Amino acid sequence: MKPSIPRGTRDFGPAEMQKRQYIFDTVKRNFQLFGYAPIETPTMENLEVLTGKYGDEGDKLIFKILNSGDYLKDFVFSGKEVEAFDKLERSNSNAFLPSNGILESDKHIRQISEKALRYDLTVPFARYVVMNQNALTFPFKRYQVQPVWRADRPQKGRYREFYQCDADVIGSDSLVNELELLSLMDKAFRELNIPVLIKFNNRKILSGIAEILNASEQIIDITVAIDKLDKIGKEGVVKELRDKGISDAAIELLEPLIDLSGSNEDKVNTLKTFLDTSEVGKKGIEEIEFLLNHLSTINIGHVSVELDITLARGLNYYTGTIFEAKANAGTFTPSILGGGRYDDLTGIFGLKNMSGVGISFGIDRIYDVMEELKLFPESVNKVTTTKVLFTNFGEAEQLHCLGLAARLRAAGINTEVYPDAGKKIAKQFEYADKKQIPFVAVVGTNEMAKNTVMLKNMQSGTQMEIGLDDLKTVLAS
RNA sequence: GUAGGUAUAGCUCAGUUGGUUAGAGCACCAGAUUGUGGUUCUGGGGGUCGCCGGUUCGAACCCGGUUACUUACCCCA
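Start counting the first sequence at -9; every next residue gets the next number (our numbering).
Printed below as a string of structure tokens:
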């Protein structure tokens, strides 16, 4: 059998892991710097915890887990299915024909599957908060770095298994949380050296717009359509709005907003006029202004921050501020971070008045962007962290080297001893070369007798015979 | 779910209007060099040309089907 892995999943080798760890470490360090504490939740959730939280499209992308046991035993198949099955297993097809009901995937899904792989980290977090509400201290700040799964068609920058790095604070409706998250993003992206444009918006603005257009129940259609502005252009957006049944009068009203441009302040001023009669819209503007007014207070300096009222974000649960970050250089500029405020995500699980806000770093896409822009520092661009390899000339020499290795490791120096006996010395050097180990320590009978090693610098090709103390000094530098 | 592209050695790919024994680079193994890698030279192993069927004297090549991968749409990190 030819080995393979499921579409949209990947293996990560040592070289890739060095770089992935670098991103994880940077992001985690910054989470902790802002007071977030780590949690983890199970890979699988009960299906009903996840369904209905991500919109119709999102729900379709949830990976469901088959129940254990013979969950089909109570079902009758239709004549067509029996016929197809009969062709395959003519001999004992009757075994599958008891009498209870016809199998229909939408009706009987629960009897086939009652668990699913997590689709994001936010909903499991909300579930966790509700289940542990009495043990938690609010406002509760948590971070979580785990893979999520989506049954998408994979393409460039889109995987079926990928990691999210989430930081959320729940139990506080202060906009200071949004401000601090902006500060966190700025700091993390600065350390990763990625040029980033952070777009933000507010769901209340979008609600206000829908209200003014007298199309509140079509808010999703409207936001999804204008979200595509930079992709399909103004004509495309107008066409999509028409297709969704938005009236021409409403589309006409909307036009100045589709054309909205200029500085953040200009946009806010236009919005103020437009949303003058909408209470929720005015609240949204107030929130946006607070954030804009304090960007300098928190010293945002690396990322650009731009108000973009076409930013919608598909997830159903957002109610206030929404964030999205994109790489601001190169040709490959996918969304590498998303987030926002959700006022009532825990409500579905029975806990009211628990507003939260959070962001999610898309680490796999960050990796892809950094790879394209060649942003990884030299220190992580290697396949191993081993500093020195001891050669193996034979049993006595190897045992001697094991002792030396133990002393180097005690000094914090990453050390390997070539394990297999009887390998040519050239082979052992080749091993060091391929792993990019910078030093090889050759220890034969001569060196043993003098209690020295012949240390070769693999990059320069030079070598010198030195004692243990000098060895430590050279390798520690 | 919709539309396109691709499938030949472990990897990346050539392969002429259909014609003998299907090639290259990289990788791998051995030797030149029995205490020295990365460079060089010499030799070697490695193929169900995705799969099934059709056309033909003859198919990697043409035709039909099928599967996998991939790009885009939808949606999203």
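Think of the CB as a built atom: it goes at the ideal place given N, C-alpha and C, for glycine as much as any other residue.
Everything numeric in this text was worked out from a predicted model, so none of it was measured.
Subject >> For PRO137, three-class secondary structure by DSSP >> reply: Residue numbering aside, residue 137 sits at position 147 when the first sequence is read from its first letter. PRO137: strand per DSSP, three-state reduction.
Original post:
Which residue from LEU171, TYR109, GLY3 and PRO144 puts its Cα closest to that of TYR26?
Top reply: Position 36 of the first sequence, counted from the start, is the residue given in the question as residue 26. Measuring from the Cα of TYR26, the nearest candidate turns out to be LEU171.
**OP:** Report buried or exposed for ASN167, applying the criterion of at least 16 other Cβ atoms within 10 angstroms of its Cβ.
**Re:** On the first sequence, residue 167 is found 177 positions in, with the first residue counted as 1. Buried: at least 16 other Cβ atoms inside 10 Å.
Subject >> Span separating the alpha-carbon of GLY147 from that of ARG355 >> reply: In the first sequence, the residue the question calls residue 147 occupies position 157. In the first sequence, the residue the question calls residue 355 occupies position 365. Rounded to the nearest angstrom, the two C-alpha atoms are 6 Å apart.
Original post:
Of the choices THR376, LEU341 and ASN436, whose alpha-carbon is the least far from that of PHE383?
Top reply: Within the first sequence, residue 383 is the residue found at index 393, counting from 1. Ranking the options by Cα distance to PHE383, first place goes to ASN436.
**OP:** Have a look at ASP333 and MET344 and give me their C-alpha separation to the nearest angstrom.
**Re:** Your numbering for residue 333 matches position 343 in the first sequence. Your numbering for residue 344 matches position 354 in the first sequence. Whole-angstrom Cα-Cα distance: 6 Å.
Original post:
From this set, TYR12, GLU104, LYS18 and LYS43, which residue's C-alpha is nearest LYS54's C-alpha?
Top reply: Counting from one through the first sequence, the residue named residue 54 turns up at place 64. Nearest option by C-alpha distance: GLU104.
Original post:
Between the stretch 335 to 354 and the stretch 399 to 417, are three or more C-beta pairs nearer than 8 Å?
Top reply: no
**OP:** With a threshold of 16 other CB atoms inside 10 Å of the CB of ARG193, please say whether the residue is buried or exposed.
**Re:** Reading the first sequence from its first residue, position 203 is the one you call residue 193. Classification for ARG193: buried.
Original post:
Near VAL138, which residues of its chain fall below 8 Å by C-beta distance, leaving aside the five closest residues on each side in sequence?
Top reply: As a position in the first sequence, residue 138 is number 148, starting the count at 1. Excluding sequence neighbours, VAL138 sits near LEU107, ARG108, TYR109, ASP110, LEU111, GLU151, PHE152, TYR153 and GLN154.
Original post:
Which residue or residues does DSSP assign as beta-bridge partners of PRO28?
Top reply: On the first sequence, position 38 is the one that residue 28 refers to. According to DSSP, which records beta bridges pairwise, PRO28 is partnered with TYR133.
Original post:
Helix or strand or just coil, what does DSSP make of LEU51?
Top reply: Indexing the first sequence from 1 puts residue 51 at position 61. Three-state DSSP puts LEU51 in coil, outside helix and strand.
Original post:
Would you call the CB atoms of VAL359 and ILE326 closer than 8 Å?
Top reply: Start at 1 with the first residue of the first sequence, and residue 359 comes out as number 369. Start at 1 with the first residue of the first sequence, and residue 326 comes out as number 336. It is a contact, given that the beta carbons lie within the stated cut-off.
Original post:
Curious, which full-length beta strand (DSSP E) runs of at least 3 residues does the stretch 145 to 211 contain?
Top reply: 151 to 160 and 186 to 192
**OP:** May I have the straight-line CA-CA distance separating SER450 from VAL430, to the nearest angstrom?
**Re:** Counting from one through the first sequence, the residue named residue 450 turns up at place 460. Counting from one through the first sequence, the residue named residue 430 turns up at place 440. So the two alpha carbons sit approximately 12 Å from each other.
Original post:
Just how far apart, CA to CA, sit GLU201 and ASN36?
Top reply: The count along the first sequence starts at 1 and reaches residue 201 at position 211. The count along the first sequence starts at 1 and reaches residue 36 at position 46. When rounded, the distance between both Cα atoms is 36 Å.
Original post:
Cβ atoms of ILE13 and TYR308: under 8 Å apart, would you say?
Top reply: Locating residue 308 in the first sequence gives position 318, counting from the first residue. Locating residue 13 in the first sequence gives position 23, counting from the first residue. Result no, Cβ atoms of TYR308 and ILE13 do not sit closer than 8 Å.
Original post:
Does DSSP put SER350 in a helix, a strand or coil?
Top reply: Counted from its first residue, the first sequence places residue 350 at position 360. Residue state, collapsed to three classes: strand.
Subject >> THR(-1) versus ASP256 - alpha carbon distance >> reply: Counting from 1 along the first sequence, the entry for residue -1 is found at position 9. Counting from 1 along the first sequence, the entry for residue 256 is found at position 266. Spanning the two alpha carbons is a distance of roughly 44 Å.
Original post:
For MET34, which option in LEU56, GLU225, PHE264 and LYS234 has the closest C-alpha, if you only look at C-alpha atoms?
Top reply: Within the first sequence, numbered from 1, the residue matching residue 34 stands at position 44. Cα-wise, what sits closest to MET34 is LEU56.
Subject >> Whole-Å CB distance - GLN134 paired with ILE199, under 8 Å assumed >> reply: In the first sequence, the residue the question calls residue 134 occupies position 144. In the first sequence, the residue the question calls residue 199 occupies position 209. At roughly 33 Å, the Cβ-Cβ gap does not stay under 8 Å, so GLN134 and ILE199 are not in contact.
Original post:
Buried or exposed: where does LYS414 fall if 16 or more other Cβ atoms within 10 Å of its Cβ makes it buried?
Top reply: As a first step, residue 414 must be located in the first sequence, where it is residue number 424. LYS414 comes out exposed.
**OP:** Give me the Cα-Cα distance between VAL443 and GLU420, rounded to the nearest whole angstrom.
**Re:** Taking the first sequence and counting its residues from 1, one reaches residue 443 at position 453. Taking the first sequence and counting its residues from 1, one reaches residue 420 at position 430. Roughly 19 Å separates the two Cα atoms.
**OP:** Identify, in the order they occur along the chain, each residue of the same chain with its Cβ nearer than 6 Å to the Cβ of LEU182, setting aside the five sequence neighbours on each side.
**Re:** To locate residue 182, count along the first sequence from 1; it is residue 192. For LEU182, where only same-chain residues beyond five positions count, the Cβ hits under 6 Å are THR16.
Original post:
From GLY42 to ILE52, what distance separates their C-alpha atoms?
Top reply: Taking the first sequence and counting its residues from 1, the one referred to as residue 42 is at position 52. Taking the first sequence and counting its residues from 1, the one referred to as residue 52 is at position 62. The alpha-carbon atoms of GLY42 and ILE52 are separated by roughly 11 Å.
**OP:** Check each candidate in VAL378, LYS262 and GLY45 and name the one with the smallest Cα separation from ILE210.
**Re:** Position 220 of the first sequence, counting from 1, holds the residue named residue 210. For the residues VAL378, LYS262 and GLY45, the minimum Cα distance to ILE210 belongs to GLY45.
Subject >> Where LEU379 falls, given that 16 or more other Cβ within 10 Å makes a residue buried >> reply: Taking the first residue of the first sequence as 1, we reach residue 379 at position 389. So LEU379 ends up on the buried side.
**OP:** May I ask you to report which of helix, strand or coil DSSP gives PRO4?
**Re:** Position 14 of the first sequence, counted from the start, is the residue given in the question as residue 4. Reduced to three states, the DSSP call for PRO4 is helix.
**OP:** Tell me whether LEU281 is buried or exposed, calling it buried when 16 or more other Cβ atoms sit within 10 Å of its Cβ.
**Re:** Translated into the one-based positions of the first sequence, residue 281 becomes position 291. Label assigned to LEU281: buried.
Subject >> Beta-bridge pairing of LEU379 - partner residues as DSSP gives them >> reply: One-based indexing of the first sequence puts residue 379 at position 389. Per DSSP, GLU406 and VAL430.
Original post:
Among PRO185, LYS224 and MET175, which residue has its Cα nearest to the Cα of GLY328?
Top reply: Position 338 of the first sequence, counted from the first residue, corresponds to residue 328. Of PRO185, LYS224 and MET175, the residue nearest in Cα terms is MET175.
Original post:
Would you report the Cα separation of ASN447 and LEU392, rounded to the nearest angstrom?
Top reply: In the first sequence, residue 447 corresponds to position 457, counting from 1. In the first sequence, residue 392 corresponds to position 402, counting from 1. For ASN447 and LEU392, the distance between alpha carbons rounds to 20 Å.
Original post:
DSSP beta-bridge partners for LEU487?
Top reply: Residue coverage of the chain in this structure runs from -9 to 467, which leaves residue 487 outside it and unanswerable.
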